[in-house]
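*Asks:* Letter 281 of the sequence shown, counting from 1, is numbered 907 in this note's numbering, and no numbers are missing.
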Amino acid sequence: MRVPTVPAIVSALVVVSLSACHMHPEAPEPEARKIVVTSPEAEPITITERFVCQIHSQRHIKVRALERGYLEAIPVREGQAVKAGDAMFTVTPVIYQAKLDAEMAEQDVAQMKYNNSEKLLEEKVVSKNALALLKAELSRAAAKAHLAAAELNFATVKAPFDGIVDRLLEQQGSLVEEGEVLTTLSDNRLMWVYFNVPEASYLAYMDEKSQHQEEPKIELMLANGKKFRQTGKIGAIEAEFNNKTGNIPFRADFPNPEGLLRHGQTGTILMSRVQKDAVVIPQRATFQTLAKRYVYVVGKDDVAQQREIVIEKELDDLFVIRSGVAVGEKIVLEGIRDVRNGDKVEYEERKPASVMAHLKYHAE
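Have a look at this one:
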C-alpha cells in the first residue's frame, strides 16, 4: 500500500479549509443599538411612609380596692364587656354596713335633740346658743353618717366607664389591701396609635397643614399583613423631639366598632399623601457613582452630558426628583452603558406616559 506524501496531505487540508469558508461565510457585524430617551414628567404622586406603631386603648386604667377586706364577690369574668356603673368587686360590706347603721343612729339622736330644743326655745327654756350647739352636733353626726355611707359604697368597686375586663389578679375570698390592683379596664371604642416621625417628615406634614392642604390618609397594617378596615386621623403631636433619635411622637385615632384592636397590640402606620406636580423619572434611567446619582441629559446638539440629580423620594420603580433635571429635558432611558459623557448619540424618543404605563409602580 502506498503512503501519501506530506505535500499531498497539506494540499488536501487547504482544499477542505477553503471549502468550509465557502460554505459558512462570516456574519455581518451587528449594528450599534440605538439609544432610547424619554423625559421627566410632572404629575401627582401618592407617597406612602411607614412607621412602626404601638396601639393603646383611649382609656386603660388599673382597678384598685378602695378599702381593706376580703373579696366577697367578683360578679365579672375575664374578658367581659361591662357598662359604666356595673359592679366588678365587692369587699366584705358587713363592717361598713354596721358602721353606717351606728352613724345613722347617732344622726337620729342628734336630730331628736335639736327638734326638742327648738320647741323649748319657743318656751324660752333653752337659749339660742344652746340650740346652735345642738345644730352643730347634728351637722357633725350627719357628716359622719355620710362618710360611713361613702365607705360602704366604696366596698363595691364599680366600672367607671364602658370597657373590657382584663385578667383578674385576685380571687374570691382573698384578703386585699387598700389600693391593691384587682384588674385593669380598657375602653376600646377608640384606639390611640402612637408612632415616631422623623423631623423631615414632621416638617413636611406641618408645611402642608399650614397651606390647608388635604390631610394625609392614615391606615393601619396589622401583624398579619392585612389592613385594618377603619381609617384614622392625626389626633395629637407631642410637644418635643427626642434629641437622641430625632423623632417626635404622633398619635393617630382609629374607631374600633368591632373591637378587633386591643390595648398593647403592634402594627405599622401607613401615612399617604398626594404630592402634586412631582417630577418623576424611571429608576433605570439613572446610574450611581460614589454614592451619587446621575443621568445622561441629551441636549439640542444630540450630545449626552452627565448630570447629578438629588432624589427626594424613592418609590418602587420611580425616583421623585428634588433637583437636577426638569420636565421636557431628554434623558437616556436605555443604552446608558453605551454612552460616555460628551458623546453625540443617535436616539429614538419614547413618550413619558408610555414609559410610566409599563412600570410596576405608576403615578396615580
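Ideal placement from N, C-alpha and C gives every residue a C-beta, glycine not left out. Keep in mind it's a predicted model, so treat the numbers as computed, not measured.
To the nearest angstrom, how far is it from the Cα of phenylalanine 821 to the Cα of isoleucine 895?
*Replies:* Working through the sequence shown from its first residue, we reach residue 821 at position 195. Working through the sequence shown from its first residue, we reach residue 895 at position 269. Answer to the nearest angstrom: the Cα atoms are 7 Å apart.
*Asks:* Measure how close the beta-carbons of valine 953 and proline 666 come, nearest whole angstrom, since I'm counting them as under 8 Å.
*Replies:* Taking the sequence shown and counting its residues from 1, the one referred to as residue 953 is at position 327. Taking the sequence shown and counting its residues from 1, the one referred to as residue 666 is at position 40. Confirmed, about 5 Å.
*Asks:* Do isoleucine 947 and valine 905 have their C-beta atoms within less than 7 Å of each other?
*Replies:* Mapped onto the sequence shown, residue 947 falls at position 321. Mapped onto the sequence shown, residue 905 falls at position 279. Against a cut-off of 7 Å, the Cβ pair of valine 905 and isoleucine 947 comes out as a contact.
*Asks:* Does the pairing of the region 690-709 with the region 730-744 give three or more beta-carbon distances under 8 Å?
*Replies:* The region 690-709, when compared against the region 730-744, does not touch it at the 8 Å Cβ threshold.
*Asks:* Is proline 824 helix, strand or coil when you go by DSSP?
*Replies:* If you number the sequence shown from 1, residue 824 lands on position 198. In this structure, proline 824 counts as strand in the three-state DSSP scheme.
*Asks:* With a cut-off of 8 Å on the beta carbons, I'd call valine 663 and tyrosine 920 a contact; round off their distance for me.
*Replies:* The count along the sequence shown starts at 1 and reaches residue 663 at position 37. The count along the sequence shown starts at 1 and reaches residue 920 at position 294. Actually they are not in contact, since the Cβ atoms of valine 663 and tyrosine 920 sit about 15 Å apart, beyond 8 Å.
*Asks:* Count the other C-beta atoms from every protein chain shown that fall within 10 angstroms of the C-beta of proline 883, then say buried if there are 16 or more, exposed otherwise.
*Replies:* The count along the sequence shown starts at 1 and reaches residue 883 at position 257. Residue burial is scored here from C-beta neighbours: proline 883 has fewer than 16 other C-beta atoms within 10 angstroms and is therefore classed as exposed.
*Asks:* For the alpha helix (DSSP H) containing arginine 966, name the first residue and the last one.
*Replies:* Here residue 966 is taken as the residue at index 340 of the sequence shown, counted from 1. Here arginine 966 belongs to no alpha helix (DSSP H), and DSSP marks it neither H nor E.
*Asks:* Using the C-alpha atoms, what's the distance from threonine 871 back to serine 980?
*Replies:* Taking the first residue of the sequence shown as position 1, residue 980 is located at position 354. Taking the first residue of the sequence shown as position 1, residue 871 is located at position 245. The alpha-carbon atoms of serine 980 and threonine 871 are separated by roughly 42 Å.
*Asks:* Assign alanine 917 to one of three DSSP states: helix, strand, or coil.
*Replies:* The sequence position of residue 917 within the sequence shown is 291, counting from 1. Of the three classes helix, strand and coil, the one that applies to alanine 917 here is coil, per DSSP.
*Asks:* Under 8 Å, with one C-beta from each stretch per pair, do the region 793-803 and the region 859-870 reach the 3-pair mark?
*Replies:* no
*Asks:* For the putative contact between alanine 911 and valine 958, defined by C-beta atoms under 8 Å, what is the C-beta separation to the nearest angstrom?
*Replies:* Your numbering for residue 911 matches position 285 in the sequence shown. Your numbering for residue 958 matches position 332 in the sequence shown. The pair is a contact, with the Cβ atoms about 7 Å apart (cut-off 8 Å).
*Asks:* If I measure Cβ to Cβ from proline 656 and keep anything under 6 Å in the same chain, skipping five residues before and after, which residues do I get?
*Replies:* On the sequence shown, residue 656 is found 30 positions in, with the first residue counted as 1. Because the pLDDT at proline 656 is just 47, under 50, the model does not fix this residue reliably, and the value given afterwards should be weighed accordingly. If the five residues before and after proline 656 are omitted, its C-beta is found closer than 6 Å to no C-beta atom of its own chain.
*Asks:* Can you round the beta-carbon distance between glutamine 684 and aspartate 813 to whole angstroms, since I take them to be within the 8 Å contact cut?
*Replies:* As a working note, residue 684 is residue 58 in the sequence shown. As a working note, residue 813 is residue 187 in the sequence shown. That pair is a contact at about 6 Å.
*Asks:* Short of 8 Å in beta carbon distance, which residues of its chain neighbour serine 645, apart from the five on each side in sequence? Order them along the chain.
*Replies:* The sequence position of residue 645 within the sequence shown is 19, counting from 1. Note that serine 645 scores 48 on pLDDT, short of 50, meaning its location in the model is unreliable; the coordinates nonetheless yield the value given after this. Cβ within range, chain order: n/a, list empty.
*Asks:* One question on the structure: do leucine 726 and leucine 778 come within less than 7 Å of each other, judged by their Cβ atoms?
*Replies:* Within the sequence shown, numbered from 1, the residue matching residue 726 stands at position 100. Within the sequence shown, numbered from 1, the residue matching residue 778 stands at position 152. Yes, Cβ-Cβ distance for leucine 726 and leucine 778 is below 7 Å.
*Asks:* Tell me the rounded alpha-carbon separation between tyrosine 740 and alanine 769.
*Replies:* The sequence position of residue 740 within the sequence shown is 114, counting from 1. The sequence position of residue 769 within the sequence shown is 143, counting from 1. The alpha-carbon atoms of tyrosine 740 and alanine 769 are separated by roughly 16 Å.
*Asks:* Start and end of the beta strand (DSSP E) containing proline 670?
*Replies:* Locating residue 670 in the sequence shown gives position 44, where the first residue counts as 1. Counted as a single uninterrupted DSSP element, the beta strand (DSSP E) harbouring proline 670 occupies residues 667-690.
*Asks:* Taking the alpha helix (DSSP H) that alanine 983 belongs to, which residues open and close that run?
*Replies:* Walking along the sequence shown from the start, residue 983 turns up at place 357. Bounds of the alpha helix (DSSP H) holding alanine 983 are 978-983.
*Asks:* So is alanine 826 buried or exposed if we call it buried at 16+ other beta carbons inside 10 Å?
*Replies:* Position 200 of the sequence shown, counted from the first residue, corresponds to residue 826. The residue is exposed, with fewer than 16 neighbouring Cβ atoms inside 10 Å.
*Asks:* Measuring only the C-alpha atoms, how far is valine 819 from alanine 983?
*Replies:* Position 193 of the sequence shown, counted from the first residue, corresponds to residue 819. Position 357 of the sequence shown, counted from the first residue, corresponds to residue 983. So the two alpha carbons sit approximately 36 Å from each other.
*Asks:* Can you give the Cα-Cα distance for asparagine 693 and lysine 761, rounded to whole angstroms?
*Replies:* As a first step, residue 693 is located in the sequence shown; it is residue number 67 there, counting from the start. As a first step, residue 761 is located in the sequence shown; it is residue number 135 there, counting from the start. In the sequence as presented, asparagine is not what sits at residue 693; that position holds glutamate. For glutamate 693 and lysine 761, the distance between alpha carbons rounds to 31 Å.
*Asks:* Please identify the residue among Lys970, Tyr831 and Ala710 whose C-alpha is closest to the C-alpha of valine 929.
*Replies:* Here residue 929 refers to the residue found at position 303 of the sequence shown. Taking only the C-alpha atoms, the option nearest valine 929 is Lys970.
*Asks:* Excluding the 5 residues flanking phenylalanine 780 on each side, which residues of the same chain have their C-beta closer than 7 Å to its C-beta?
*Replies:* The residue labelled residue 780 in the question sits at position 154 within the sequence shown. Counting only Cβ-Cβ distances below 7 Å, and skipping sequence neighbours, we find Leu692 and Glu693.
*Asks:* Please report how far the alpha carbon of isoleucine 860 lies from the alpha carbon of glycine 711, in whole angstroms.
*Replies:* As a first step, residue 860 must be located in the sequence shown, where it is residue number 234. As a first step, residue 711 must be located in the sequence shown, where it is residue number 85. Between the C-alpha atoms of isoleucine 860 and glycine 711 there is a straight-line separation of about 31 Å.
*Asks:* Rounded to whole angstroms, what's the CA-CA distance from isoleucine 790 to glutamate 803? Just pull it up for me.
*Replies:* In the sequence shown, counting from the first residue as 1, residue 790 sits at position 164. In the sequence shown, counting from the first residue as 1, residue 803 sits at position 177. Rounded to the nearest angstrom, the two C-alpha atoms are 24 Å apart.
*Asks:* Does the Cβ-Cβ distance between alanine 713 and lysine 784 come in under 7 Å?
*Replies:* As a position in the sequence shown, residue 713 is number 87, starting the count at 1. As a position in the sequence shown, residue 784 is number 158, starting the count at 1. Their beta carbons are under 7 Å apart, which means alanine 713 touches lysine 784 by this criterion.
*Asks:* Can you round the beta-carbon distance between leucine 997 and isoleucine 907 to whole angstroms, since I take them to be within the 8 Å contact cut?
*Replies:* Nothing about residue 997 can be reported from this structure: the residues present for the chain run from 627 to 990 only.
*Asks:* Which term fits threonine 915, buried or exposed, when burial requires 16 or more other beta carbons within 10 angstroms of its beta carbon?
*Replies:* The residue given as residue 915 occupies position 289 in the sequence shown. Classification for threonine 915: exposed.
*Asks:* To which residues of the same chain is glutamine 891 closer than 7 Å at the C-beta, ignoring the five residues directly before and after it?
*Replies:* Residue numbering aside, residue 891 sits at position 265 when the sequence shown is read from its first letter. Contacts found: Ile681.
*Asks:* Grab the span of the beta strand (DSSP E) containing leucine 848 for me, first residue to last.
*Replies:* For this step, residue 848 is matched to residue 222 along the sequence shown. For leucine 848, there is no enclosing beta strand (DSSP E), since its DSSP letter is neither H nor E.
*Asks:* For asparagine 882, which three-state DSSP category applies?
*Replies:* In the sequence shown, residue 882 corresponds to position 256, counting from 1. Asparagine 882 falls in the coil class under three-state DSSP.
*Asks:* Taking the CB atoms as reference points, tell me whether methionine 738 and alanine 771 lie closer together than 7 Å.
*Replies:* Position 112 of the sequence shown holds residue 738. Position 145 of the sequence shown holds residue 771. No. Outside cutoff.
*Asks:* Roughly how many angstroms lie between the CA atoms of glycine 893 and threonine 674, to the nearest whole one?
*Replies:* Your numbering for residue 893 matches position 267 in the sequence shown. Your numbering for residue 674 matches position 48 in the sequence shown. Roughly 15 Å separates the two Cα atoms.
*Asks:* Nearest-angstrom Cα distance between tyrosine 722 and glutamate 748?
*Replies:* If you number the sequence shown from 1, residue 722 lands on position 96. If you number the sequence shown from 1, residue 748 lands on position 122. Those two C-alpha atoms are separated by around 39 Å.
*Asks:* Exposed or buried, which one is isoleucine 863 when buried takes at least 16 other CB atoms within 10 Å?
*Replies:* Within the sequence shown, numbered from 1, the residue matching residue 863 stands at position 237. Label assigned to isoleucine 863: exposed.
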